[in-house]
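The structure appears below as structure tokens.
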Amino acid sequence: MRTTGLQVSGVGFLLRRLELALVIGDPRMAHDPLRSQRRAIAVGVLMSMLVAGGAVMLALLRPQPAVDEAVLAQDEAGGLYVRLGEAFHPVTNVASARLVARQPVEPTHSTFQQIQKFPHGPAIGVPAAPELVQSPGGAWMVCDGGRVEVAPEAQTFASGVLRGPSGVWLVHGTQRAKVDDQTARLLGVPEHNVTRPVVQQFDRLPDLTAGVLRKHIPTGLPEPFDRTGRLLQADDRVFLTLRGGVVELKGPRRTYAEAIIGVPARRVSLAEVLAQPSVRPGPRSLGIIPDTDAPFAPAGRLCAGQDGLTRPVGSFSSIPDAPEVSFSGPRGTSVLSTERGLALVSETGVRYGVGSHADLAALGFRDPVQVPWRVIAGLPDGGLLSEDNARATTATITASAKTAESPMATR
Numbered sequence: 075m076r077t078t079g080l081q082v083s084g085v086g087f088l089l090r091r092l093e094l095a096l097v098i099g100d101p102r103m104a105h106d107p108l109r110s111q112r113r114a115i116a117v118g119v120l121m122s123m124l125v126a127g128g129a130v131m132l133a134l135l136r137p138q139p140a141v142d143e144a145v146l147a148q149d150e151a152g153g154l155y156v157r158l159g160e161a162f163h164p165v166t167n168v169a170s171a172r173l174v175a176r177q178p179v180e181p182t183h184s185t186f187q188q189i190q191k192f193p194h195g196p197a198i199g200v201p202a203a204p205e206l207v208q209s210p211g212g213a214w215m216v217c218d219g220g221r222v223e224v225a226p227e228a229q230t231f232a233s234g235v236l237r238g239p240s241g242v243w244l245v246h247g248t249q250r251a252k253v254d255d256q257t258a259r260l261l262g263v264p265e266h267n268v269t270r271p272v273v274q275q276f277d278r279l280p281d282l283t284a285g286v287l288r289k290h291i292p293t294g295l296p297e298p299f300d301r302t303g304r305l306l307q308a309d310d311r312v313f314l315t316l317r318g319g320v321v322e323l324k325g326p327r328r329t330y331a332e333a334i335i336g337v338p339a340r341r342v343s344l345a346e347v348l349a350q351p352s353v354r355p356g357p358r359s360l361g362i363i364p365d366t367d368a369p370f371a372p373a374g375r376l377c378a379g380q381d382g383l384t385r386p387v388g389s390f391s392s393i394p395d396a397p398e399v400s401f402s403g404p405r406g407t408s409v410l411s412t413e414r415g416l417a418l419v420s421e422t423g424v425r426y427g428v429g430s431h432a433d434l435a436a437l438g439f440r441d442p443v444q445v446p447w448r449v450i451a452g453l454p455d456g457g458l459l460s461e462d463n464a465r466a467t468t469a470t471i472t473a474s475a476k477t478a479e480s481p482m483a484t485r
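Counting from 75, one number per residue, gives the positions in the sequence shown under our numbering.
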């Protein structure tokens, strides 16, 4: 006799009642906690099998970190190794690795076990290097206290009168000359109080004080043109006698000369003046003072920049200015070109020399900004970044190798 489905279902029902009676002592089948338990166990086993299977697949399919063709490798602890020939050398930083490799390589991530399979050499590299992220260009200047600032833009002024610890100076372009203490009042322009580092950014010319301008030296010309430092007036024009000839005074130059010399101009005919040789005023003869009514620097903060007196416009830094901060510039590393060669300046204000344009390209930098050496000369020297220094073993790197070999070292 064949077994029917109802019989099978009934037997299963009786078995579950028996199971419940044995486990919980209640055969009434009011609820079935064992079914929920079995389902939970089944789902848990299935999920465990899926997780275990995924782990096995990842272990089988995940590629091993290979460094067979890598120029620069980095282990899991962050250690860097640069390839020289067939051997890997521990290297102090990525900048040193790039200088050695002669290209801007990036680290290949691997493991210490994989790197250990290759021959090893001694540790090499320069002890310190700036970040390898190039900062935007800007206007460089030296401000009060020798603070070097970099601003997105700068406003430049042709002339200005500065009062510093060593006296009063008239600045025109990148040059300065010592002048009378009352110069600002004589010219009717603002006087700016600055510190010594700002004054020293300008090339000094001979003094233009009263004692210098009042000296009477033979000119070799007929009287009244026979002595230097004489003011002569022809109609409404004023001339000054110099060695070898006369020069006409205009604008602020005339105002300053008339006030400093302090002797009224002698009246002569214009024909007499035109009969004498005409000369250009040099540094010793008011040449630094403008002869037109060009605007002088207005009141406010002044710095010394590439083209003369400047004032920063905007700021790269969100940190308030503080006297103890010697550098304020953009994030990243600034790439500069000076009359002494290439330089990198870190965002903390450390200056590094760069051996050549090839070294600069190997580091991954380009398009250096032209900056006068005098602007960055006061920054701390971080040493020379060159291929030879990068190939030196760390045991041989000394202070002399870091500073004295740098063409930008300030000794």
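Glycine included, C-beta positions come from ideal geometry on N, C-alpha and C. If you're wondering where the values come from, they're calculated on a predicted model, not measured in any experiment.
Just the Cα atoms here: how many angstroms apart are D71 and G212? In this structure the chain extends from 75 to 485, so residue 71 is not present and cannot be described.
Cβ-heavy atom distance, R113 to the ligand COA, below 7 Å: The ligand content of the structure shown is nil, which means the ligand COA is not present either.
Are there three or more Cβ pairs, one per stretch, closer than 8 Å when the segment 267–275 is compared with the segment 410–420? With the rule of 3 Cβ pairs closer than 8 Å, the segment 267–275 does not count as touching the segment 410–420.
Quick check on the burial criterion: 16 or more other C-beta atoms within 10 angstroms. Buried or exposed for G84? With a 10 Å radius around the Cβ and a threshold of 16 neighbouring Cβ atoms, G84 comes out exposed.
Terminal residues of the alpha helix (DSSP H) in which G325 lies: Per DSSP, G325 belongs to the alpha helix (DSSP H) from 325–335.
If you measure between the beta carbons of E150 and T185, is that distance less than 8 Å? Against a cut-off of 8 Å, the Cβ pair of T185 and E150 comes out as a contact.
Which residue from T366, A371, S408, S170 puts its Cα closest to that of D433? For the residues T366, A371, S408, S170, the minimum Cα distance to D433 belongs to S170.
Can you name the start and end residues of the beta strand (DSSP E) that H431 belongs to? Boundaries for H431: no beta strand (DSSP E) harbours it, while the alpha helix (DSSP H) harbouring it runs 431–436, taken from the DSSP string.
Please look up how many angstroms separate the CB atoms of F370 and V263, rounded, as I've assumed it's under 8 Å. Correct: roughly 4 Å between the Cβ atoms.
Is DSSP giving R113 helix, strand or coil here? Collapsing the DSSP output to three states places R113 in a helix.
Sequence-distant residues of the same chain with beta carbon closer than 7 Å to P397, five excluded per side: The predicted position of P397 is uncertain, since its pLDDT is 48 and thus under 50; no value can be drawn from it.
So what's R90 in DSSP terms, helix, strand or just coil? Under the three-state reduction of DSSP, R90 is assigned to helix.
Cβ separation of V224 and P404, assumed to be a contact under 8 Å, to the nearest whole Å: Contact holds; Cβ gap of about 6 Å.
Which of the three DSSP states is assigned to E227 in this structure? If DSSP states are grouped into helix, strand and coil, E227 belongs with the strands.
Do G438 and L458 have their C-beta atoms closer together than 8 Å? In this structure, G438 lies away from L458, with their beta-carbon atoms at least 8 Å apart.
Nearest-angstrom Cα separation, counted from F87 out to G38: The requested residue 38 is not part of the displayed model; the chain covers only 75 to 485.
Would you kindly work out how many angstroms separate the C-alpha atoms of Q187 and W447, rounded to a whole number? So the two alpha carbons sit approximately 48 Å from each other.
By alpha-carbon positions, which one of S460, R157, H183, Q444 ends up nearest to A436? The option with the nearest alpha carbon to A436 is S460.
State the DSSP-derived secondary structure class of N267, mapped to helix, strand or coil. Note: N267 maps to strand in three-state DSSP.
What three-state label does DSSP hand D277 in the structure shown? D277 sits in a strand when the DSSP states are folded into three classes.
I need the DSSP call for F186, collapsed to helix, strand or coil. Reduced to three states, the DSSP call for F186 is helix.
On the criterion of 16 or more Cβ atoms from any shown chain inside 10 Å, does S474 qualify as buried, or is it exposed? For S474, the pLDDT reaches just 40, beneath the cut-off of 50, and the residue's location in the model is therefore unreliable, although a value from the coordinates is still provided. A residue is called buried once 16 or more other Cβ atoms fall within 10 Å of its Cβ, and S474, having fewer, is exposed.
Is T468 near A202, with beta carbons less than 8 Å apart? Going by C-beta atoms, T468 is not nearer than 8 Å to A202.
CB contact flag (H266, G234, <8 Å): Yes, they are a contact pair.
Is Q81 helix, strand or coil by DSSP? Note: Q81 maps to helix in three-state DSSP.
Starting from D455, trace the beta strand (DSSP E) in both directions and tell me its first and last residue. 455–459 is the extent of the beta strand (DSSP E) around D455.
Take L154 as the anchor and find which of S122, L132, G195 has the nearest alpha-carbon. L154 has its Cα closest to that of G195, out of S122, L132, G195.
Since E486 contacts R311 with CB under 8 Å, what's their CB separation in whole angstroms? Coverage of the chain is limited to positions 75 through 485, which leaves residue 486 absent and any answer about it impossible.
Would you kindly check if the distance between the Cβ of V347 and the Cβ of L306 is under 8 Å? Contact: yes.
What are the boundary residues of the beta strand (DSSP E) that L410 is part of? Counting along the chain, the beta strand (DSSP E) containing L410 begins and ends at 408–412.
Is the CB-CB distance between R288 and I335 below 8 Å? R288 places its beta carbon less than 8 Å from that of I335.
State buried or exposed for I115, treating a residue as buried only when at least 16 other CB atoms are found within 10 Å of its CB. The residue is exposed, with fewer than 16 neighbouring Cβ atoms inside 10 Å.
Measure the alpha-carbon distance for T329 versus A451 and round it to whole angstroms. Spanning the two alpha carbons is a distance of roughly 37 Å.
To the nearest angstrom, how far is it from the Cα of L173 to the Cα of P204? Distance between the alpha carbons of L173 and P204: 13 Å.
Going by Cα to Cα distance, which pick from L120, D367, P181, I362 is closest to L282? Selection L120, D367, P181, I362 evaluated against L282 yields I362 as nearest (Cα-Cα).
Are P181 and A147 close, meaning C-beta to C-beta below 8 Å? For the pair P181 and A147, the CB atoms are nearer than the 8 Å cut-off.
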